[in-house]
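With our numbering as the guide, the letters of the sequence shown map in order to residues 38 to 109.
For each residue, glycine too, the CB sits at the ideal point set by N, CA and C.
The block underneath contains the structure these notes are about, expressed in structure tokens.
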Amino acid sequence: MTPHTRWRKSSYSGPDDGNECVEIATSPTHIAIRDSKTPARATLTFPAGAFSAFLDGVKTYSTVTDFARFRG
């Protein structure tokens, strides 16, 4: 992903999230996600084929807090 990557709100962010959502950028080979509240901080970047597996893993957590506990 380049500094000129075009970011958009993820369809996985709910309509009531306001400006606090996940943003996504895609390229032919990679998918990147970031927190819209802190766009200058780190992003998660996946090879295009691995993003679905990541989403499947995240779906097992009912809340962001559950996921944060998993991350440590």
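In the DSSP annotation of this structure, the continuous segment of the alpha helix (DSSP H) that includes ALA90 starts and ends at 88-95. Under DSSP, THR82 forms a beta bridge with ALA69.
In the DSSP assignment, the residues bridged to LYS46 are GLU60.
Here the alpha carbon of GLY86 sits roughly 15 Å from the alpha carbon of ILE61. Burial state of ARG45 is exposed, judged by a 10 Å Cβ sphere holding fewer than 16 other Cβ atoms.
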